[in-house]
Amino acid sequence: MLLKQSNKETIYRRISPVRTLARPDEWAIYMGLRVDGRPFSLEGREFVSQVIRDMSPEIVIPKAAQMSFTVTFITRTLHWIKERGWHHLYLLPMKTGAIPFVQARIDPTIDSNEFLREHFTNVDNRLHKQNVNGVSLYIRGTNINRELQEIPVDVEVWDERDRMVEDSLEDARHRMDGSKIKKLVILSTPTVPGHGVDSDDEWHSSDQHRWEIPCPRCNRYQTLDFEESVKLGDAVSECVLECKFCHRPIKDQERIAQNALGRWVSTNLNGIKRGYHINQFNSPVQTLNDILKGWFSGQKDTKKLKSFYNNSLGLPWVAYGDQITPEIIDKCRSKGHRLGGIPDGPVFIGVDIGTFIHVKASYLNRFGHKMAWQLHIFREWDQLDNFLSKLISFNCVIDAHPEKRNARDLALKYPGKVWLGFEEDRPATEEIAVYYPAKSRTEVGKVLIDRTMAFDQVISDYLGGRIVLPADARELGEYLERKDYNGFYYHLIQMVRTEEEDTKGRVVARWRKNKNPDHWHHTEMFETIATMRRPSLEVPVSIQEAFQKSAVMA
Ligand SMILES: [Zn+2]
568 MLLKQSNKET
578 IYRRISPVRT
588 LARPDEWAIY
598 MGLRVDGRPF
608 SLEGREFVSQ
618 VIRDMSPEIV
628 IPKAAQMSFT
638 VTFITRTLHW
648 IKERGWHHLY
658 LLPMKTGAIP
668 FVQARIDPTI
678 DSNEFLREHF
688 TNVDNRLHKQ
698 NVNGVSLYIR
708 GTNINRELQE
718 IPVDVEVWDE
728 RDRMVEDSLE
738 DARHRMDGSK
748 IKKLVILSTP
758 TVPGHGVDSD
768 DEWHSSDQHR
778 WEIPCPRCNR
788 YQTLDFEESV
798 KLGDAVSECV
808 LECKFCHRPI
818 KDQERIAQNA
828 LGRWVSTNLN
838 GIKRGYHINQ
848 FNSPVQTLND
858 ILKGWFSGQK
868 DTKKLKSFYN
878 NSLGLPWVAY
888 GDQITPEIID
898 KCRSKGHRLG
908 GIPDGPVFIG
918 VDIGTFIHVK
928 ASYLNRFGHK
938 MAWQLHIFRE
948 WDQLDNFLSK
958 LISFNCVIDA
968 HPEKRNARDL
978 ALKYPGKVWL
988 GFEEDRPATE
998 EIAVYYPAKS
1008 RTEVGKVLID
1018 RTMAFDQVIS
1028 DYLGGRIVLP
1038 ADARELGEYL
1048 ERKDYNGFYY
1058 HLIQMVRTEE
1068 EDTKGRVVAR
1078 WRKNKNPDHW
1088 HHTEMFETIA
1098 TMRRPSLEVP
1108 VSIQEAFQKS
1118 AVMA
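Under this note's numbering, residues 568 to 1121 are what the sequence shown spells out, in order.
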């Protein structure tokens, strides 16, 4: 048997060495590899061919579940190790998942061909394999960072990127620093908009290839998608998938067969890396009924609806109210409202500290709605001090991180009016914010903020129209060249509310950050906290001086 396989290998090499090298799919078919218990085959999943042969330095694939991409990249990994001699890191979210992954998916694939089995020899453990030429395959989880150290590789595959430990990913990427090859594939079922595989610097900076098939009747090429291709009925069995152009129904068998004529088309010509997206409407194994069941059960269950979008459509999704969107902010714009003028009462101010100082100040109208009054981006603390010194009645909360000294100075200068805000996830209080006034002139006033509750309050205020912005609110904040809004909107839409299990298995809500700036969101939150305490009525120094002067004059 061994001899027979080796002969096959020799014959194959003699026939077409170039194709053996360039086409891992043909190699796998010829070698008779079995993946996940079945012979490797492209039938019905012809979209795999281009992806498995793609030599781009970075490929990002937001994908629906069960579209064969893991199998594809296990196959390519074995092929590249054997034929190209490139060291690989196959990265998974958790180490606990790595051993079952090797046992269930990698080992059986290697064992399915005797030549390949001879070619790979286990070294010290299951998570480090080497071939006869000493080329390594490491399988690692992102949760144990030290196990990502000192394993130089040429190629990395990140499988299920959205479930990975974010802080480990830069370290993982650095494992290719010493290589001239440097090739990275990022695979993931998307989770929420703007995060993980859906980040601005991943899918959104890719060339966004989408899979198109021709209609069996009119032959026009199209992607199959939920919005335009599915005609929903009252029940799963009454739904139809149809051509976007001639509206002829396309049956399950037809759409699978049409994959043989399919093609990848780039939909973002500005992309700087390669991207592929595909959903289950192109799956050779899922029926339309299988897929749409998720949509119907999702009508009563948000978790199932999220699963339908993520797993079946390969799209990020967030429940209404778990992320601020430009549309939600738009609804808070008021035609009659302008920034500036004389505030109608005390001013409430939120200040977030980054490279710059982001400041938002509002007053409350008679309904208690926050009327935006002024927004500033200051470079220097003096500018903030100068701004505060002109206000008569105000309450201001300043981010206590990452810089405390300047904020402390202001809190000492304006006692009872400027507070240092400390955000915490689940502090031991039941309240959204607890103010701790200074007990002496050398102490500063502090406010302890329940971060989750505070950001919940902000989105609830936006949804409830309790924040009022000027009509041109899309212009507010830092100028952004390629968006139809500026920094104010952009910062507000980054964070997303997720529910995660804590170490004790309790489900807890958390506002999750991504890599993009979110200063205005924090500014808004601190401003909201500021409205929760009436300002102390103290006559400001400037007015005292004015009184004194007029007294002298008199
Ligand atoms: Zn058609």
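In this text, a Cβ means the ideal position worked out from N, Cα and C, and glycines have one as well.
Residue i beta carbon near ligand 1 (any heavy atom closer than 7 Å)
i     : result
R822  : no
C554  : The structure shown has nothing for residue 554, since the chain only spans 568 to 1121.
R787  : yes
C806  : no
R830  : no
R777  : no
R1073 : no
R815  : yes
R672  : no
R784  : yes
Enclosing beta strand (DSSP E) for residue i [first to last residue]
i     : result
D947  : Reading the sequence as shown, one finds Glu at residue 947 and not Asp. No beta strand (DSSP E) contains E947, which DSSP labels as neither H nor E.
S929  : I924 to L931
H695  : H695 to N698
W778  : H776 to P781
R830  : R830 to S833
F915  : V914 to I920
L704  : S703 to G708
E1068 : V1063 to E1068
Of the listed residues the options, nearest to residue i (C-alpha basis)
i     : options                     : result
S608  : M634, R684 and L1059        : M634
I909  : L836, Q890, L958 and D976   : L958
I1026 : I845, R905 and A886         : A886
N856  : N1081, G800 and A995        : G800
C899  : N1081, G935, L658 and L1030 : L1030
I1034 : H1088, I596 and Y981        : H1088
R1064 : R1018, V615 and F1055       : R1018
D765  : Y1003, V1011, V585 and G881 : G881
L931  : A939, I924 and H925         : A939
V752  : T758, T644 and I648         : T644
D726  : F934, Q847, K630 and A802   : K630
C782  : E794, V803, I817 and V807   : I817
H968  : M731, E991, L955 and I1096  : E991
R601  : K984, H655 and R672         : R672
T922  : I944, S929, G935 and G907   : I944
I845  : F636, Q716, G912 and P760   : F636
E613  : T639, S623, I628 and I626   : T639
For residue i, the first and last residue of its enclosing alpha helix (DSSP H)
i     : result
K870  : T869 to S874
L736  : L736 to H741
S796  : F793 to S796
Y1057 : G1054 to L1059
L683  : E681 to H686
Secondary structure of residue i, DSSP reduced to three states
i     : result
S850  : coil
K980  : helix
N962  : strand
G838  : coil
Y1029 : helix
D768  : coil
L855  : helix
A1121 : In this prediction, A1121 has a pLDDT of 41, which is less than 50 and means its spatial position is unreliable; nothing more can be read from the coordinates.
I823  : helix
T516  : The displayed coordinates of the chain run from 568 to 1121. Any statement about residue 516 would go beyond what the structure contains.
R972  : helix
M568  : Bear in mind that the predicted position of M568 carries a pLDDT of just 40, short of 50, making it unreliable; the figure below should be weighed with that in mind. In this structure, M568 counts as coil in the three-state DSSP scheme.
I596  : helix
Q1024 : helix
I896  : helix
G763  : helix
W1130 : Because residue 1130 is not part of the residues shown, which for the chain are 568 to 1121, the question remains open.
E717  : coil
Y788  : strand
V585  : helix
T1090 : helix
A939  : strand
A967  : coil
A1076 : strand
S1103 : coil
beta-carbon residue i near ligand 3 non-hydrogen atom, thresh 7 Å
i    : result
F812 : Among the ligands modelled here, namely ligand 1, ligand 3 does not occur.
Neighbour flag for residue i against chain C, beta carbons, 8 Å
i     : result
F1022 : Given the protein chain composition of this structure (a single chain), no chain C is represented.
### Message
For a minimum of 3 consecutive residues, which ranges assigned as the beta strand (DSSP E) are wholly contained in the region 600-678?
### Response
625-629 and 655-659
### Runs of alpha helix (DSSP H) wholly within the region 986-1019 (minimum 4 residues, chain order)
none
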